[in-house]
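Protein chains in written order, with our numbering: chain A, 568 to 900; chain B, 4 to 306. For every residue, glycine included, the Cβ atom is placed at its ideal position computed from N, Cα and C. Please read the structure below before turning to the comments.
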Amino acid sequence: MSKTFLEIKNESVSFFTPAGEVKAVNDITLTMGEGEVLGIVGESGSGKSVTAYSLIGLIANPGRIVSGSISFMGNDIHLASEKEMRKLRGNEISMIFQDPMTSLNPLYTIGNQICEVITLHTNKTKKEAKERAISLLSEVGINEPERRMKQYPHELSGGMRQRVMIAIALACEPKLLIADEPTTALDVTIQAQILELMSDLQKARGMSIILITHDLGVVATMCEKIAVMYAGGIVEFGTADDVFYRTAHEYTKGLLSSVPSLHTTEHGRLKPIPGVPVDVLNLPAGCRFAPRCESCMKICLKEMPPITFISDNHYSSCWLLHHPNGQNMSTDI
Amino acid sequence: MIKYILKRLLAAFITLFLISAITFALMKLVPGGPFLSEKAPSASVTAALEAKYGLDKPPLEQYITYMKGVLKGDFGPSIKKRGRTVSDIIWAGFPVSAKIGGIAICLAVVVGIPLGSIAAFRRGKWQDSIILVASTFGISIPSFITASLLLVSFGITYKLTFGLSSAAHYIMPVISLAFLPTAYIARLIRGSMLDVMGQDYMRTARAKGLSATVVLFKHALRNSILPVITYLGPALAYTLTGSFVVERIFTIPGLGNEFVSSIINRDYPMIMGTTLFLSTLIIMMNVLVDIIYKIVDPRIKFE
Chain A
568 MSKTFLEIKN ESVSFFTPAG EVKAVNDITL TMGEGEVLGI VGESGSGKSV
618 TAYSLIGLIA NPGRIVSGSI SFMGNDIHLA SEKEMRKLRG NEISMIFQDP
668 MTSLNPLYTI GNQICEVITL HTNKTKKEAK ERAISLLSEV GINEPERRMK
718 QYPHELSGGM RQRVMIAIAL ACEPKLLIAD EPTTALDVTI QAQILELMSD
768 LQKARGMSII LITHDLGVVA TMCEKIAVMY AGGIVEFGTA DDVFYRTAHE
818 YTKGLLSSVP SLHTTEHGRL KPIPGVPVDV LNLPAGCRFA PRCESCMKIC
868 LKEMPPITFI SDNHYSSCWL LHHPNGQNMS TDI
Chain B
4 MIKYILKRLL AAFITLFLIS AITFALMKLV PGGPFLSEKA PSASVTAALE
54 AKYGLDKPPL EQYITYMKGV LKGDFGPSIK KRGRTVSDII WAGFPVSAKI
104 GGIAICLAVV VGIPLGSIAA FRRGKWQDSI ILVASTFGIS IPSFITASLL
154 LVSFGITYKL TFGLSSAAHY IMPVISLAFL PTAYIARLIR GSMLDVMGQD
204 YMRTARAKGL SATVVLFKHA LRNSILPVIT YLGPALAYTL TGSFVVERIF
254 TIPGLGNEFV SSIINRDYPM IMGTTLFLST LIIMMNVLVD IIYKIVDPRI
304 KFE
C-alpha cells in the first residue's frame, strides 16, 4: 500500500448565488495513494470538477470552501497562502481541462505557453526551457516539435491541442495530474489515443492522476479506484472491480445499467435512471438520490445515510447497506 | 501583407475621390458665398473677385480645375485669409493641434486601460462602481463644459487662460480633450476584459501558477485590447486634427478652428482642403489599425 498522498476530509464547497447557496460539494472524504489513478464519475453538476478546483485553490467567485481540509503530501492546502498555492499549481499539481480548443491562449505560440510554465517554476534559462519544451512535445507524440513551437493554437487540431495541454501539465514533473474530462470534447479515436498517452506517461513517471469524467468506459480502462459522485456527495468509493462487479449503491447500479454493452440487442433499450437530478438549491433532507431510487425506504427521505464499509477499500452511503445492529449486510441484497 | 496594403491604398484613393465630389457638391448647395458680408462690395467688385478665384465658371468645371490642382499637390489659396495657401494654413495649425491631441490620446490610453482593468477585476465592488459612474460622466459631459469649468476654476487661479507658452498651459486643453476617450477606453476594456476573464485559457493560466499580474497583463490584456485599437484609429485622427471647442476656449492656434470657420466663411478651398486632410488621416489610421490588429492577434488573416 502506498502512503497517504492526498487526503480530502469533510470538504464542502458552496456557491453563493443570488438565488441562494448552492452546495456543489457536500462533506466529501477521500484518500488517494501516490502513483494511483483515481476516477471521479458522476453526471453534470454532481460536483466532480468543483472537487478538483478546490484541490488547486481555483474555486472562482461566488464559490467558497465552506469547511473541510485537504492534505497534499502532508501539507494542508487550505492553510497555504496564495503565494504557496502558486508554487504548487502547475508544478506539484497540474491540471488539464475539458475543451482543448479554448484552453490555450490564442495569441501566444505553443512554445511560449509551454516555456512560460517551465521558466516560472524552475531555474532554467530561456534556451533550456525551449529545449525542454521541444522534448516534451515529442514525448506527448507531436511530430515536428520545433515547427510546432512557433505555431499558434488555431493552427493545431483538437487532439494536438490536448497533447500540448498535457505537455504543459507535465512540464514541471507534477506529483499529481488532475484531468477534468480530458477527452469529452474529442472524437472517439483521438479519445483513445489521449487516454493511452496519459496511461503511458503515468506509468513512466509514477505520477498520480485524478481523472474526472462521466464516461464509465474511460474509468474502467484507466482507474484503479473510483469515486462515484451524486449531487455533491460521494455515494460509493472502491476499487474498479468493487464498483463494477460488487456494486453497492443504487445510483451506481443505475449508471451501470444505462451503459450500452456488446450484449445489448439491436432492439433492446438502454435503461435510464428515472427522474431528474436534484435541485441543488433545495437539497432533500435525506439521501439525495432517494427521490429517484427504486428501492427507496421511509428512512431514506428523512435522514442522510451514513457511510457503510463493505470491505476495507469499498464503502457506500446507502440505507440498504446499513444494518441496525451496526453490522454490515452482505453486498448481495 | 504588401499586397493588402496596396489594395487598401487603391480603395483609399477611390474613397477620397468620392468624398471630394460629395463635399464639393454639398458646399456649392449651401447658399451664400465667400464675399457676402455686412459691408457687401459692389456687384462689379464681387464679379471681379469671383472671376479671380474662378467662381464664375460652372460648378463642374470648377471641380475639375480644383481636382487637377489637388493631383499636383496644390490645394489652392484661401479666399478669406488673403495671401496664404490652404496648405500653409493646414501645416501651421496641424502641428499645434496634433501635439495637444497626441498627448491627450496617450493620457487616455495610459489612464483608461488600467481603470477599465481595475473595474473588470473588481466587478461589482466599490472600485467598479466609482469607475463606471465616472466614465458615464466622461462620456456624457460635452467638452465645452469640461473645458469651461477647467478654465473658470484652475485657469483663472493659475493664470493659464490662453495660448501654449509654457508646459503648464498644455495641462487644461489636454485634460479637456482626454476626458471622453479615457472614459470610453475604460468602458471598452472593462467590457472586453469581463468577457476574456470567463475564457478557458484564463483558467489554464491560473492553473499554471502564474501570478495575478502576469495573468492580467500577459493573458487578459492582450486579448481584451482589440476593441480599444478599433476605437483608437478614428479617435486619433479626430483628436490630432484638433477640437474647435477646446481650441476656442483656450485660444490655441490649432487646426480645429479652421474646420468650422472655413465653413462659416464659405472659404471653398479651405473647406475642401480640411475635409480631404481629415479624410486622408482617418483612412490612414484605419489601415494602421488593421496592421496592428494583425500583430496583436495572429488569427487575423488579410486575405
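Under 8 Å between C-beta atoms, does residue i make it to chain B?
i, result
"Ala657 (chain A)", "Residue identity differs from the one stated: residue 657 (chain A) is Gly in this sequence, not Ala. Chain B, which has a Cβ nearer than 8 Å to the Cβ of Gly657 (chain A), makes this yes."
"Pro673 (chain A)", "yes"
"Ser884 (chain A)", "no"
"Ser670 (chain A)", "yes"
"Leu625 (chain A)", "yes"
"Asn645 (chain A)", "Going by the sequence as given, residue 645 (chain A) is His instead of Asn. So no, His645 (chain A) is outside the interface."
"Leu887 (chain A)", "no"
"Lys869 (chain A)", "no"
"Glu683 (chain A)", "yes"
"Asp666 (chain A)", "yes"
Does the Cβ-Cβ distance between residue i and residue j come in under 8 Å?
i, j, result
"Leu850 (chain A)", "Ala857 (chain A)", "no"
"Gly79 (chain B)", "Pro272 (chain B)", "yes"
"Gly678 (chain A)", "Lys694 (chain A)", "no"
"Ala210 (chain B)", "Met599 (chain A)", "no"
"Ala619 (chain A)", "Ile779 (chain A)", "yes"
"Leu224 (chain B)", "Val299 (chain B)", "no"
"Phe253 (chain B)", "Met175 (chain B)", "yes"
"Asn880 (chain A)", "Thr788 (chain A)", "no"
"Ile709 (chain A)", "Arg699 (chain A)", "no"
"Arg634 (chain A)", "Asn593 (chain A)", "Reading the sequence as shown, one finds Ser at residue 634 (chain A) and not Arg. No; because the gap between Cβ atoms is not below 8 Å, this pair is not in contact."
"Leu154 (chain B)", "Thr164 (chain B)", "yes"
"Arg193 (chain B)", "Gly119 (chain B)", "yes"
"Leu110 (chain B)", "Thr233 (chain B)", "no"
"Phe262 (chain B)", "Thr283 (chain B)", "no"
Would a check of beta-carbon distances place residue i closer than 8 Å to chain A?
i, result
"Pro301 (chain B)", "yes"
"Asp203 (chain B)", "yes"
"Lys162 (chain B)", "no"
"Ser132 (chain B)", "no"
"Ala210 (chain B)", "yes"
"Thr207 (chain B)", "yes"
"Ser214 (chain B)", "yes"
"Arg193 (chain B)", "no"
"Arg225 (chain B)", "yes"
"His222 (chain B)", "yes"
Could you give the first and the last residue of the continuous beta strand (DSSP E) run that contains residue i?
i, result
"Asp747 (chain A)", "743 to 747"
"Asp594 (chain A)", "587 to 600"
"Thr806 (chain A)", "800 to 806"
"Ile776 (chain A)", "775 to 780"
"Ile663 (chain A)", "660 to 663"
If we ignore side chains and look at the alpha-carbon of each, how far apart do residue i and residue j end up?
i, j, result
"Pro256 (chain B)", "Ser40 (chain B)", "24 Å"
"Asp270 (chain B)", "Ala137 (chain B)", "40 Å"
"Val249 (chain B)", "Gly104 (chain B)", "11 Å"
"Val608 (chain A)", "Ser636 (chain A)", "21 Å"
"His889 (chain A)", "Ser705 (chain A)", "52 Å"
"Ser884 (chain A)", "Thr676 (chain A)", "48 Å"
"Thr751 (chain A)", "Gln758 (chain A)", "8 Å"
"Ser613 (chain A)", "Leu9 (chain B)", "57 Å"
"Tyr204 (chain B)", "Pro667 (chain A)", "9 Å"
"Gly624 (chain A)", "Ile644 (chain A)", "8 Å"
"Thr898 (chain A)", "Gly835 (chain A)", "For Thr898 (chain A), the pLDDT reaches just 41, beneath the cut-off of 50, and the residue's location in the model is therefore unreliable, leaving the point undetermined."
"Thr207 (chain B)", "Ile874 (chain A)", "35 Å"
"Val795 (chain A)", "Phe804 (chain A)", "6 Å"
"Met200 (chain B)", "Leu219 (chain B)", "9 Å"
"Lys55 (chain B)", "Ser264 (chain B)", "22 Å"
"Ile900 (chain A)", "Glu817 (chain A)", "The predicted model places Ile900 (chain A) with a pLDDT of 39, which falls under 50 and marks its position as unreliable; any figure quoted below should be read in that light. One C-alpha to the other measures close to 11 Å."
"Ile133 (chain B)", "Arg126 (chain B)", "11 Å"
"Leu822 (chain A)", "Ile840 (chain A)", "7 Å"
"Phe147 (chain B)", "Ser179 (chain B)", "8 Å"
So the alpha helix (DSSP H) residue i belongs to, where does it begin and stop?
i, result
"Ile192 (chain B)", "171 to 200"
"Gly276 (chain B)", "271 to 299"
"Glu250 (chain B)", "247 to 252"
"Val684 (chain A)", "677 to 688"
"Met716 (chain A)", "712 to 716"
"Ala123 (chain B)", "89 to 124"
"Glu578 (chain A)", "It is not in any alpha helix (DSSP H) - Glu578 (chain A) instead sits in the beta strand (DSSP E) that spans 571 to 584."
"Met652 (chain A)", "649 to 655"
My understanding is that residue i touches residue j, with C-beta atoms under 8 Å, so please give their C-beta distance in whole angstroms.
i, j, result
"Thr244 (chain B)", "Ala107 (chain B)", "Contact doesn't hold; Cβ gap of about 12 Å is too wide."
"Leu768 (chain A)", "Leu723 (chain A)", "That pair is no contact at about 19 Å."
"Met275 (chain B)", "Thr26 (chain B)", "6 Å"
"Glu588 (chain A)", "Ser579 (chain A)", "Actually they do not touch by this definition, with Cβ atoms about 11 Å apart."
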